[in-house]
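My numbering numbers the first residue of the sequence shown as 16 and each following residue consecutively.
Each residue gets a CB set at the ideal place from its N, CA and C atoms; glycine is no exception.
Quick caveat, the model's predicted, so the values are computed rather than measured.
Accompanying notes for the structure given below.
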Amino acid sequence: MITTSAVSNLSQCYARMSMCEREWGNGMQTQRSKPKIQVDFKGENKTLAPEETSSMVLIKRKETAEAYLGGKVRDAVITVPAYFNDAQRQATKDAGAIAGLNVLRIINEPTAAALAYGLD
């Protein structure tokens, strides 16, 4: 199970643009009412959507899971905070697709905790 608490900050940012512009300053841009984050990485300027930055987290988690399991990871169930709205859940699914994952389901973190407790 892949959890994405880092997605939370970016998705909240997506939902509350004006607050993010205050927090991120000039590094925050909008294109067609979608936020974009401008970063300087190894001397190169890049403009990224929240889904792209979230997918980077998922890619790293996928690599870690593959190293631990010794095989390929194709399918994933991703947990999100219970307060996520539909747009935030869809953005998380999109991030999973960008990361090369077949997102089987998006579930709330409390639900995931209950499921994990039941497995013990």
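Check	Outcome
Apart from the five residues just before and just after G133, which ones in its own chain have a Cβ nearer than 8 Å to its Cβ?	none
Could you tell me which whole beta strand (DSSP E) segments of length 3 or greater appear in the region 81-106?	90-95
What residues in its chain sit with their C-beta under 8 Å from that of E140, if we drop five residues either side in the sequence?	Limits of the chain in this structure are 16 at one end and 135 at the other, which puts residue 140 out of reach.
Identify every residue that forms a DSSP beta bridge with L63.	I52
By DSSP's criteria, R120 is part of a beta bridge. Which residues make up the other side?	V92
My output table needs one value for A131: the three-state DSSP class, helix, strand or coil.	helix
Apart from the five residues on each side of it in sequence, which residues of its chain come closer than 7 Å, Cβ to Cβ, to V92?	M16, L119, R120, I122
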